[in-house]
DNA sequence: AATAAGATTGACCGATCGACCAGTCAGCAG
DNA sequence: CTGCTGACTGGTCGATCGGTCAATCTTATT
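See the structure below:
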């Protein structure tokens, strides 16, 4: 009973391959990752990977789909149970920030994905999540705590820019502007300043 | 006289290789680019590339250095002759936006560079440019048109996020929020909304 | 004309790439 | 027991990878 039976053994092997592949893909990207490396890391043979996933491209797709689906589901779930009002609005933003802070692999995966020229039709997860986000902004506009002379879509995109790009490029920016990267509360400092800009702007009030 | 002499012929060959390499590197990244492809595109032999640049890595470095140096010099030049005042401050921002809009290769090059784990010590161009930017913000704070309760460094970074990430990811975001990508003034629409946020924030005034 | 230096070439190297194949083995249904 | 299916392996394929080398061509200098 403790021993996994046939099917679960197979699916756990599949997962092991997916895990190993994700680690290496995230680190080195698609092209610089070889099936041999993945096989070695997953402790299986190359042939087995082909048996389960068909090709390197399909493996890459499955790795991305798995992680993206998990991520978008989590975000949708958290956004769904969000309350109304300016404070909740603010909390949603802070929440996304910390989710990404705790999942740097996710950030790199998105980066690789953005550079991918292959225009793959993705599932509707992100579409749904985005529409929930748009609804949240619209709600804020109707309730009066979000200014109405702005396109909610661009507002959402601007917010994504402020969050994603920080985690994508902070290791470079801290060198430019002279912040020590291992400052314990570096992310929080950025978050505070970024929130000031996002909510109130850089002009004095 | 019309014919380039020996040295300029060599340097023009070098440039041809750099140009070809940049095109392919920008499109496919370092790992997915082969010396053969570059050689073919530059109409030279692989051996000649090794003769001029030594290795693929060094060629990659030179490609990045050339473009980055050109970019940062241009930005420094334009920032140096910028005037004082809120309007000039605004112009600098709009200026950077359009420079990147007109240089999508630069955006991709930065993206690949950000994913690169190789921590190469880069030249001081970007450091100088950043300090000029910081000075501009400080100036605004002293003259009173930039709020003082904010760290200029994080303000600069936030601004970079709003510009760079838009060009890195807009092809994905427009799919999410349902904007047609070939809208003639898509970039301008984003710019207007982004500027509203950056200067005044999303809260009603 | 002789020479040196640099630009350029084609042939070639060992290594590694993704993929494929025939075959083994275990488990399950009949 | 028989037959089938799917997990899994070792070996190998042709292609391509980055890189090297000796030889040749081009040009400037002497």
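Protein chains in written order, with the working numbering: chain A, 27 to 231; chain B, 27 to 231. Backbone N, C-alpha and C fix where the C-beta goes; we use that ideal spot for every residue, glycine too.
In the DSSP assignment, residue 218 of chain A falls within the unbroken alpha helix (DSSP H) covering 212-226. Contact between the region 212-231 of chain A and the region 115-127 of chain A is present, with at least three C-beta pairs closer than 8 Å. Neighbours of residue 187 of chain B in chain A, taken as residues at a C-beta separation under 7 Å, are given in chain order as 187, 188, 191, 192. Residues of the region 201-217 of chain B whose Cβ lies closer than 7 Å to any Cβ of chain A, in chain order: 202, 203, 205, 215, 216.
When 9 Å is used as the limit between beta carbons, residue 227 of chain A is near these residues of chain B: 173, 222, 223, 224, 225, 226, 227, 228, 229, 231, in chain order. For residue 198 of chain A, the uninterrupted alpha helix (DSSP H) segment begins and ends at 178-203.
Listed by position along chain B, the residues whose Cβ is nearer than 8 Å to that of residue 181 of chain A are 219, 223, 228.
Here DSSP, grouped into helix, strand and coil, assigns residue 39 of chain A to helix. Contact between residue 98 of chain A and residue 227 of chain B is absent: CB atoms are separated by about 28 Å, not below the 8 Å threshold. An exposed status is given to residue 230 of chain A, since fewer than 16 other beta-carbon atoms sit within 10 Å of its beta-carbon.
Annotation: the region 66-125 of chain A contains the following complete segments of the alpha helix (DSSP H) (minimum length 4 residues), in chain order: 72-79, 82-106. Selection A:103, A:166, A:100, A:45 evaluated against residue 70 of chain A yields A:45 as nearest (Cα-Cα).
For residue 218 of chain B and residue 164 of chain A, the gap between their C-alpha atoms comes out near 19 Å. By the beta-carbon neighbour count (other beta carbons within 10 angstroms, threshold 16), residue 146 of chain A is exposed.
When CB distances to chain B are screened at a threshold of 8 Å, not a single residue of the region 82-102 of chain A falls below it. For residue 176 of chain A, the closest Cβ of chain B is nearer than 8 Å. Ranked by Cα distance from residue 203 of chain A, the first of B:54, B:178, B:205 is B:178.
Our two residues, residue 107 of chain B and residue 104 of chain A, have alpha carbons roughly 48 Å apart in a direct line. Taking residue 64 of chain B as reference, the option from B:42, B:130, B:191 with the minimal CA-CA separation is B:42. When the beta-carbon positions are compared, residue 57 of chain B and residue 142 of chain A stay at least 8 Å from each other. Distance from the CA atom of residue 140 of chain A to the CA atom of residue 128 of chain A, rounded to whole angstroms, is 20 Å. Sequence-ordered contacts of the region 37-66 of chain A with chain B read 53, 54, 55, 56, 57, 58, 59 [C-beta pairs closer than 9 Å].
Under the 8 Å criterion on CB atoms, residue 199 of chain B is classed as interfacial with respect to chain A. Taking a cut-off of 8 Å for Cβ pairs, the region 78-89 of chain A and the region 112-119 of chain A do not touch, as fewer than three such pairs fall below it.
C-alpha of residue 102 of chain B to C-alpha of residue 186 of chain B: approximately 15 Å in a straight line.
Residues of the region 137-154 of chain B with a C-beta less than 9 Å from any C-beta of chain A: 137, 138, 139, 140, 141, 143, 145, 148, 152, 153, listed in chain order. DSSP places residue 154 of chain A in the uninterrupted alpha helix (DSSP H) bounded by 151-169.
Beta-carbon to beta-carbon, residue 137 of chain B and residue 188 of chain A are separated by about 17 Å, too far to satisfy the 8 Å threshold. Residue 190 of chain B is positioned such that its CB atom lies no closer than 8 Å to that of residue 130 of chain B. Contacts between residue 170 of chain B and chain A, judged by CB atoms closer than 9 Å, involve 230 in chain order. By the neighbour-count definition (other C-beta atoms within 10 Å, threshold 16), residue 120 of chain B is an exposed residue. Using a CB distance cut-off of 8 Å, residue 184 of chain B counts as an interface residue toward chain A.
Just measuring C-alpha positions, the residue of A:196, A:84, A:176 sitting nearest residue 220 of chain B is A:176. For residue 126 of chain A, no Cβ of chain B is located within less than 8 Å of the residue's own Cβ.
Listed in chain order, the non-local C-beta contacts of residue 47 of chain B below 6 Å within the same chain comprise 64, 85, 89, local neighbours out to five positions each way being set aside.
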